[in-house]
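>
Protein chains: 2
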Amino acid sequence: MRSSTVIVLGADGYLGWPTSLYLSSSGYHVVAVDNLVRRRWDRECGTSSLVPIRSMGERVQQWQRSGGDDIEWQRLDVCDADALSDLIRRTSPEAVVHFGEQRSAPFSMVDREHAVMTQVNNVTGTINLLFALRDHAPDCHLVKLGTMGEYGTPNIDIEEGFITIRHNGREDTLPYPKMAGSFYHLSKVHDSHNIHFASRIWGVRATDLNQGVVYGCATDETLRHTGLATRFDYDVIWGTVLNRFCVQAAVAQPLTVYGEGGQTRGFLDIRDTLQCIRISIENPPDAGEYRVFNQFTEQFSVLQLAELVRDARAAHGLDTLITHLPNPRVEKEAHYYNARHQRLIDLGLQPHLLRSTLIDSVIETVERYRDRVDLSVLETPNVDWRTGRTAQPALVGQRTSWRAEREAIATGPVA
Amino acid sequence: MRSSTVIVLGADGYLGWPTSLYLSSSGYHVVAVDNLVRRRWDRECGTSSLVPIRSMGERVQQWQRSGGDDIEWQRLDVCDADALSDLIRRTSPEAVVHFGEQRSAPFSMVDREHAVMTQVNNVTGTINLLFALRDHAPDCHLVKLGTMGEYGTPNIDIEEGFITIRHNGREDTLPYPKMAGSFYHLSKVHDSHNIHFASRIWGVRATDLNQGVVYGCATDETLRHTGLATRFDYDVIWGTVLNRFCVQAAVAQPLTVYGEGGQTRGFLDIRDTLQCIRISIENPPDAGEYRVFNQFTEQFSVLQLAELVRDARAAHGLDTLITHLPNPRVEKEAHYYNARHQRLIDLGLQPHLLRSTLIDSVIETVERYRDRVDLSVLETPNVDWRTGRTAQPALVGQRTSWRAEREAIATGPVA
């Protein structure tokens with residue numbers, strides 16, 4: 030098994046890249062695939078990774094120079110069905126890890142074009158993959174990145190993908206009801222339904238990882254060399270909340286909480302994302318089995334996270350303010366939240382729980398690149414859920430049809 | 030209210046056309062919209078309506094000659110967001126009835142291209158409509174055709190869109206879990222999630238009509254003149270099951286049941302579809318309310334339907350055979366099925382229950398057009414759920430990308 034092939038789709042992304050390195054160092058032959066569109070979206074949004082990232086070609090070379098095994102880099106768009114199908118046939122992967130989707134909720138809420146593009150892009154890529162697996166790798170294990178955001182915030186415990194319902198004297202175990210909170214999160218709901226269907230009719234093996242919010246940027250592999258760094262987003266479109274707070278703390282700005290900050294979510298360390306994916310691959314589902322793991326390690330409210338960052342700074346004698354901004358999203362700010370996350374632990378996940386040392390190390394990373402911090406992307410909530418209004422009006426209505434995306438991807442320069 | 034405007038999207042279809050006539054005769058100003066793609070798909074599939082249908086222009090003229098009010102016919106593709114948005118702004122509709130989607134499960138299962146085209150077409154059109162309503166007609170009532178097939182066949186009672194779940198000592202009312210059985214049915218699941226979201230964040234008023242299988246082709250309005258007829262599909266791609274059985278009976282062929290025939294579904298008379306839509310329009314939801322009505326009047330198994338047709342023939346001294354074919358679909362052939370369908374009845378629906386007189390009248394219609402019956406489209410199950418294999422191999426792999434569809438729609442001749 031240890032020389033078998035794993036394809037990572039979306040390998041140029043925040044998590045796709047360190048996952049590729051980690052699976053390579055775990056003994057898999059990794060085929061790293063990306064269409065590089067994320068780098069173009071950065072240019073369109075006026076955002077960029079705080080930590081400088083190299084081109085995919087350079088990163089793959091650096092990995093070998095740093096003692097890693099050969100990673101096969103292939104520029105490919107998962108929405109190009111023929112190319113994806115050829116790749117699956119040629120490489121006969123044991124598993125495909127699918128990060129290759131548009132993954133920003135605010136980006137999906139900018140306007141109609143972004144909403145449609147996000148759903149068409151994500152749904153089409155996943156359907157293409159399901160057909161390619163059916164036709165060319167029926168035993169391959171699809172490891173698909175979903176999101177805890179598929180569930181929303183129900184007033185009952187969140188289970189892992191399915192719930193046993195007793196109703197009018199009868200009982201069935203059915204897909205857990207979904208109440209996603211953005212067109213992006215909805216695209217993952219659509220994917221989940223499509224994958225589950227493919228498992229039922231074609232026998233596809235699939236693990237849907239409903240992931241929480243990831244924090245951190247350092248893994249054992251990325252730390253081998255600065256040229257192996259993964260991207261670190263802190264802006265309001267691409268950044269995740271703890272990373273954003275750490276940047277704000279590092280530059281002595283107030284931590285900006287949307288609304289009351291009672292929004293509770295599941296969180297995990299980037300190193301646990303990698304562990305969870307390896308564990309999923311090493312413990313594949315049966316043929317025709319569609320399973321869902323809730324992939325996070327701890328629940329926090331947004332305000333709790335802000336307080337953790339404030340406290341970590343206080344331990345160094347530094348004062349940090351917390352301010353509340355009008356919430357641009359439509360979401361409950363005080364709600365019940367209790368989500369099960371047991372199945373990956375049962376399979377051996379050893380969580381890295383959030384400690385002030387992690388917060389310190391993220392802030393140290395920020396300080397190293399302090400001159401690259403663009404305060405403008407931190408200032409105000411950017412995309413309003415109700416109107417699509419954004420602080421970067423240039424973003425609204427720009428070319429982002431799915432067709433235009435495909436053409437730009439097919440003809441664009443290598444980033 | 031009686032001179033207010035209702036837009037019917039998909040007005041050239043089996044149900045869209047008689048709905049347009051019925052709403053016109055009920056006093057609404059009807060804007061009938063279609064991109065005519067269904068007629069092209071017929072040509073591609075080698076299928077056609079048993080009952081001859083006129084062009085939309087001719088039908089609308091005939092309606093006026095038959096004493097009907099002016100119906101405004103507009104050729105328009107709901108995937109053309111700008112055109113749709115302009116239409117909504119210009120007409121300020123009280124309601125939009127949205128039939129404008131690819132609606133064949135077998136067609137969606139032919140191959141990857143058809144699966145992707147179906148989902149992209151349906152999801153994009155509905156998102157376009159949601160944004161157009163938000164921006165130009167925020168009080169307009171969206172009446173969206175969904176399908177009972179969104180629910181699948183759970184082992185508990187099916188409720189109308191939402192279910193109250195008691196779990197670990199807590200309780201919430203959540204969207205009913207979905208287990209759709211084709212890429213087409215899944216597209217409706219995706220639509221439902223997107224519409225529900227738009228209601229929550231933008232206050233869109235929406236009624237999602239989870240419709241059962243419709244039978245019959247005659248309504249008070251279509252009977253006014255042969256030039257007002259609606260299409261009658263009996264082939265294995267577009268035909269619904271009772272209509273197919275009536276054609277088989279009329280031409281003295283065995284009634285072909287897939288598998289055991291224990292598949293139980295909800296059914297309704299075409300005249301009840303029209304009633305349900307009018308009732309929904311006349312009783313709009315509140316702003317921000319997303320409600321689901323299960324739109325059918327009776328449950329039957331497929332075998333029961335075949336037996337009803339056989340019995341109706343026997344009453345005229347005619348023998349009819351029932352044969353069982355291998356089931357091309359992946360579905361349970363014996364299962365629990367009990368779906369609530371109370372809300373439309375509470376609002377005043379007077380069901381036309383299935384009687385042998387209806388079966389007789391459908392068979393009489395078939396006999397009138399007996400020389401148009403193409404036995405080849407009845408013979409074998411056409412599209413296999415597992416392989417996409419079809420008796421019409423020309424269908425597989427033909428141009429059916431979403432982009433190609435849009436280009437063909439934009440440039441094609443008026444049917």
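Protein chains in written order, with our numbering: chain A, 30 to 444; chain B, 30 to 444.
C-beta atoms are modelled at their ideal positions from N, C-alpha and C, and glycine is treated no differently.
None of the values given here were measured: they were computed from a predicted structure.
#1: Distance cutoff 9 Å, beta carbons only. Does B:Ala110 sit that close to anything in chain A?
#2: Nearest to B:Asn367 by alpha carbon, out of A:His196, A:Gln282, A:Leu378?
#3: When the Cα atoms are used, what is the spatial distance from A:Glu250 to A:Ile299?
#4: Looking at C-alpha atoms only, which residue of A:Val80, A:Ser77, A:His170, A:Glu101 is the closest neighbour of A:Ala124?
#5: Within its chain, find whatever has a CB closer than 8 Å to the CB of B:Val402; leave out the 5 residues flanking it on each side and keep chain order.
#6: For A:Gly175, tell me which candidate among A:Val218, A:Pro167, A:Asp111 has the shortest Cα-Cα distance.
#7: How would you write the range of the alpha helix (DSSP H) that A:Thr193 sits in, first residue to last?
#8: Which same chain residues end up closer than 8 Å to B:Thr269 when comparing Cβ atoms and leaving out the 5 residues on each side of it in sequence?
#9: Mark A:Gln304 as exposed unless 16 or more other C-beta atoms lie within 10 angstroms of its C-beta, in which case mark it buried.
#10: Among B:Asn323, B:Asp63, B:Val233, B:Gln91, which has the Cα closest to the Cα of B:Phe160?
#11: What in chain A is Cβ-close to B:Ala316, meaning under 8 Å?
#12: Rounded to a whole number of angstroms, what is the C-alpha to C-alpha distance between A:Val145 and B:Asn157?
#13: With distances taken Cα to Cα, identify the nearest neighbour of A:Asp71 among A:Arg88, A:Ile224, A:Ser133.
#14: For A:Tyr398, collect the residues of the same chain with a Cβ closer than 7 Å to its Cβ; drop the 5 residues on either side in sequence, then sort them by chain order.
#15: Taking buried to mean at least 16 other C-beta atoms within 10 Å of its own C-beta, is A:Glu336 buried or exposed?
#16: Determine the DSSP secondary structure at A:Glu396, reduced to helix, strand or coil.
#17: Would A:Pro204 pass as an interface residue toward chain B - the criterion being a Cβ-Cβ separation below 9 Å?
#18: Taking its Cβ as the centre, do 16 or more other Cβ atoms sit within 10 Å of A:Asp63, making it buried, or is it exposed?
#19: Buried or exposed for B:Glu87, please, with buried defined as at least 16 other CB atoms from any protein chain shown within 10 angstroms of its CB.
#20: Do A:Thr255 and A:Cys246 have their C-beta atoms closer together than 9 Å?
#21: Please classify A:Ser216 as buried or exposed, where buried requires at least 16 neighbouring CB atoms within 10 angstroms.
#22: Less than 8 Å between the CB atoms is what I'm expecting for B:Ser137 and B:Tyr43, so what's the real figure, rounded?
#23: According to the Cβ coordinates, are B:Arg373 and B:Ser309 closer than 9 Å?
#24: So who's on the other strand from A:Gly170, going by DSSP bridges?
#25: Once DSSP output is grouped into helix, strand and coil, what is the label at A:Gln148?
#26: With a cut-off of 8 Å on the beta carbons, I'd call A:Pro135 and A:Ile266 a contact; round off their distance for me.
#27: Just to confirm the assignment, what range does the beta strand (DSSP E) spanning A:Ala61 have?
#28: By the 10 Å Cβ neighbour count, where 16 or more other Cβ atoms means buried, how is A:Arg118 classified, buried or exposed?
#29: Residues of chain A with a CB under 9 Å from the CB of B:Met208: which are they?
#30: Flag this pair as yes or no: are the beta carbons of B:Lys173 and B:Ala110 separated by less than 9 Å?
#31: In three-state DSSP terms, what is B:Gln324?
#32: Quick check on the burial criterion: 16 or more other C-beta atoms within 10 angstroms. Buried or exposed for B:Thr147?
#33: Just the C-alpha distance for B:Val289 and B:Glu360, rounded to the nearest angstrom, thanks.
#34: At 4 residues or longer, what runs of the alpha helix (DSSP H) sit wholly inside the region 349 to 418 of chain B?
#35: From the DSSP output, which residues share a beta bridge with A:Pro204?
#36: Hey, is B:Tyr365's beta-carbon within less than 9 Å of any beta-carbon in chain A?
Taking the geometry as given:
#1: As a first step, residue 110 of chain B is located in the second sequence; it is residue number 81 there, counting from the start. So, interface residue.
#2: In the second sequence, residue 367 of chain B corresponds to position 338, counting from 1. Of the listed residues, the one whose Cα sits closest to B:Asn367 is A:His196.
#3: Reading the first sequence from its first residue, position 221 is the one you call residue 250 of chain A. Reading the first sequence from its first residue, position 270 is the one you call residue 299 of chain A. Looking at the two C-alpha atoms, the distance is approximately 12 Å.
#4: Position 95 of the first sequence, counted from the start, is the residue given in the question as residue 124 of chain A. For A:Ala124, the nearest C-alpha among the options comes from A:His170.
#5: Counting from 1 along the second sequence, the entry for residue 402 of chain B is found at position 373. The residues are Leu79, Tyr263, Val276, Ala279, Val280, Val395.
#6: What you label residue 175 of chain A is simply residue 146 of the first sequence in a count that begins at 1. Considering only alpha carbons, the answer is A:Val218.
#7: Numbered from its first residue, the first sequence carries residue 193 of chain A at position 164. Premise fails: A:Thr193 lies in the beta strand (DSSP E), 191 to 196, not in any alpha helix (DSSP H).
#8: Here the question's residue 269 of chain B lines up with position 240 in the second sequence. So the qualifying residues of the chain are Val242, Val243, Tyr244, Asp262.
#9: Along the first sequence, one-based indexing puts residue 304 of chain A at 275. Burial call: buried.
#10: In the second sequence, counting from the first residue as 1, residue 160 of chain B sits at position 131. Ranking B:Asn323, B:Asp63, B:Val233, B:Gln91 by Cα distance to B:Phe160 puts B:Val233 first.
#11: Looking up residue 316 of chain B in the second sequence gives position 287. In chain order: nothing, as chain A lies at least about 14 Å away.
#12: If you number the first sequence from 1, residue 145 of chain A lands on position 116. If you number the second sequence from 1, residue 157 of chain B lands on position 128. About 8 Å.
#13: Translated into the one-based positions of the first sequence, residue 71 of chain A becomes position 42. Minimum Cα distance to A:Asp71 is reached at A:Ser133.
#14: Along the first sequence, one-based indexing puts residue 398 of chain A at 369. Same-chain partners within the cutoff: Leu79, Val80.
#15: Here residue 336 of chain A refers to the residue found at position 307 when the first sequence is read from its first residue. Burial call: buried.
#16: Your numbering for residue 396 of chain A matches position 367 in the first sequence. Three-state result, A:Glu396: helix.
#17: Residue mapping note: residue 204 of chain A aligns to position 175 of the first sequence, counting from 1. For A:Pro204, the answer is yes, since a Cβ of chain B falls inside 9 Å of its Cβ.
#18: Taking the first sequence and counting its residues from 1, the one referred to as residue 63 of chain A is at position 34. Buried: at least 16 other Cβ atoms inside 10 Å.
#19: The sequence position of residue 87 of chain B within the second sequence is 58, counting from 1. Result: exposed.
#20: Reading the first sequence from its first residue, position 226 is the one you call residue 255 of chain A. Reading the first sequence from its first residue, position 217 is the one you call residue 246 of chain A. Going by C-beta atoms, A:Thr255 is not nearer than 9 Å to A:Cys246.
#21: Walking along the first sequence from the start, residue 216 of chain A turns up at place 187. By the neighbour-count rule (16 or more Cβ atoms within 10 Å), A:Ser216 is buried.
#22: One-based indexing of the second sequence puts residue 137 of chain B at position 108. One-based indexing of the second sequence puts residue 43 of chain B at position 14. The Cβ separation is near 17 Å, so there is no contact.
#23: Residue mapping note: residue 373 of chain B aligns to position 344 of the second sequence, counting from 1. Residue mapping note: residue 309 of chain B aligns to position 280 of the second sequence, counting from 1. Sequence inspection shows Leu at residue 373 of chain B; the Arg mentioned does not correspond to that position. Yes, the Cβ-Cβ distance between B:Leu373 and B:Ser309 is below 9 Å.
#24: Working through the first sequence from its first residue, we reach residue 170 of chain A at position 141. Contrary to the premise, residue 170 of chain A reads as His rather than Gly in this sequence. In DSSP, A:His170 forms a bridge with A:Ala124, A:Arg234.
#25: Within the first sequence, residue 148 of chain A is the residue found at index 119, counting from 1. Here A:Gln148 sits in helix by DSSP.
#26: Numbered from its first residue, the first sequence carries residue 135 of chain A at position 106. Numbered from its first residue, the first sequence carries residue 266 of chain A at position 237. Right, their Cβ atoms sit about 5 Å apart.
#27: Taking the first sequence and counting its residues from 1, the one referred to as residue 61 of chain A is at position 32. It spans 58 to 63 - the beta strand (DSSP E) in which A:Ala61 sits, taken as one unbroken run.
#28: Counting from 1 along the first sequence, the entry for residue 118 of chain A is found at position 89. With fewer than 16 other Cβ atoms within 10 Å, it is exposed.
#29: Numbered from its first residue, the second sequence carries residue 208 of chain B at position 179. Under the 9 Å cutoff, chain A gives Leu203, Pro204, His222, His225, Phe226, Arg229.
#30: Position 144 of the second sequence, counting from 1, holds the residue named residue 173 of chain B. Position 81 of the second sequence, counting from 1, holds the residue named residue 110 of chain B. Not in contact: B:Lys173 and B:Ala110 (Cβ atoms no closer than 9 Å).
#31: For the purposes of this step, residue 324 of chain B is taken as residue 295 along the second sequence, with counting starting at 1. Strand at B:Gln324.
#32: The residue labelled residue 147 of chain B in the question sits at position 118 within the second sequence. Its Cβ being crowded by 16 or more others within 10 Å, B:Thr147 is buried.
#33: Looking up residue 289 of chain B in the second sequence gives position 260. Looking up residue 360 of chain B in the second sequence gives position 331. As written in the sequence, residue 289 of chain B is Glu, which differs from the Val given in the question. Distance between the alpha carbons of B:Glu289 and B:Glu360: 11 Å.
#34: 372 to 375, 385 to 397
#35: Locating residue 204 of chain A in the first sequence gives position 175, counting from the first residue. The partner list for A:Pro204 (beta bridge, DSSP) reads A:Phe191.
#36: Reading the second sequence from its first residue, position 336 is the one you call residue 365 of chain B. By this cut-off, B:Tyr365 is an interface position.
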